[in-house]
Every structure is written in structure tokens, then in C-alpha cells.
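Structure first, commentary second.
Laid out in C-alpha cells, this is it:
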């Protein structure tokens, strides 16, 4: 379990980092290792289709579209290769996605050699742990069992789909609150009008009784 290794100060591998990637799209934490230290930052995740566990180019298709985009371009030295967010590797033989490779039964020397990294205490570890409780199940995409969308880091850009969904949700919430408020005011006015009319009728009846 990745967080147990981090707390114990044990070495962690790119596979361990892959398990820390959030399962759903949206804003979330991303992890990498630079100069032997665990690094953490907030970013936005989107669903992307990739062709295989090992890519010759770091590109994919935005899910549900034919739009191709570069997925990541910021790498740090890591053992004999380079590492990106959540354990993704750039090697001489291509860009490798650890859990996707495992899902296809692909275990090579790059994953083995790159697993020897010592984790040092870092001030962001506590913040990251508070956002990812121990009782949550965390996965990186669909583990490579099919070509279903793989969740990748989008960098510092926003997902237009998420933005549109949030916009319509807020509009719907405002409309709903307006309707509830309007119905409430209407009922109050009706109740007040009915009460006054009852008093007026009683007065008229008393006058007729005299």
C-alpha cells in the first residue's frame, strides 16, 4: 500500500505512484519524484484514449472525440530513465504507463530498475494524505484490460467538459431555488389572504345577528 510505504520511509516505484492517481476526472493531486524527493501538486484530470501501454509519442485522443493532444512534456531524471506524473516513464523504448503495462502482462527491466527510489519526508505528504484517505480505492485508468478511456493528467489546463457541466449545474441550482422561493411566497400570501377573509366573514355574520 503506497501511503504505508511513504510513512515508513520505504522505497517506492512508478507502480506505487500510479495507484495514487485519482479515479475520476477533475481537479486532484499528482505525484512525481525529483532528486529522490516525493513532489506533489494540484492539477486537472481528463479522460483520454491511448493506443497501447507503451507509446512512441506522448499523445492520446480526448475521450469521445478525434482530437489528439500531447499528454505531458515535463520530465525529471529517475534512475536510468525519466519520470512524469503518477509514475509515467519516458524511456529509450517509449513512454510507459506502469499499471496499463501490468494489465497487459508486460513487465520489463525499466519498471524493475526504476523501483529503487528512496522517499524523503516532504511537507506536502500530510496534505496529500488528507485528500486521499486510506479507505479509498485508487486506480490509474482501467489497468489496461481494454482500450477504454485512461485517466491522465491534463497539466494546468481546464477541461471544457467539466466547466460546461459545472455551469449548467449552477444554473439549474439557481432556477430550482428561485422556484422554491416563489412557491413559498405564493403559499404565504394565499394563507394570509384566506385568514383575513375568514375574519371579515365572521364580522358580517355578527352584524346580521344583531
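Residue numbers (this note's numbering): 48 to 257. Ideal Cβ placement from N, Cα and C applies to all residues, glycine included.
Worksheet item: Three or more beta-carbon pairs under 8 Å between the stretch 127–141 and the stretch 56–64, yes or no?
Response: yes
Worksheet item: What span of residues does the beta strand (DSSP E) with residue 76 cover, start to end?
Response: 73–81
Worksheet item: Should residue 110 and residue 94 be called a contact, given that it needs their Cβ atoms to be closer than 8 Å?
Response: yes
Worksheet item: Under the DSSP definition of a beta bridge, which residues are partnered with residue 129?
Response: 124 and 137
Worksheet item: DSSP on residue 203, reduced to helix/strand/coil?
Response: Unreliable placement is indicated for residue 203, whose pLDDT of 34 sits below 50; the coordinate value is still reported in the next sentence. Residue 203 falls in the coil class under three-state DSSP.
Worksheet item: Beta carbon of residue 115, beta carbon of residue 105: below 8 Å?
Response: no
Item to complete: Since I believe residue 74 is in contact with residue 89 (beta carbons under 8 Å), could you give me their beta-carbon distance rounded to a whole number of angstroms?
Response: 6 Å
Worksheet entry | residue 229 in three-state terms, based on DSSP | helix
Discussion item. Please state whether the Cβ-Cβ distance between residue 125 and residue 80 is less than 8 Å.
Written reply: yes
Discussion item. Taking the alpha-carbon of residue 103 as reference, which of 142, 120 and 76 has the nearest alpha-carbon?
Written reply: 142
Worksheet item: For the candidate residues 99, 123, 64 and 56, whose alpha-carbon lies nearest to that of residue 82?
Response: 123
Item to complete: Compare the beta carbon distance of residue 100 and residue 147 with 8 Å and say whether it is the shorter of the two.
Response: yes
Practice prompt. Would you kindly check if the distance between the Cβ of residue 86 and the Cβ of residue 78 is under 8 Å?
Written response: yes
Worksheet item: Hey, out of 217, 144 and 56, whose CA is closest to residue 98's CA?
Response: 144
Item to complete: Please report the residue range of the alpha helix (DSSP H) in which residue 147 lies.
Response: 145–150
Item to complete: Locate the beta strand (DSSP E) running through residue 94, then write down its first and last residues.
Response: 84–96
Worksheet item: Which term fits residue 221, buried or exposed, when burial requires 16 or more other beta carbons within 10 angstroms of its beta carbon?
Response: exposed
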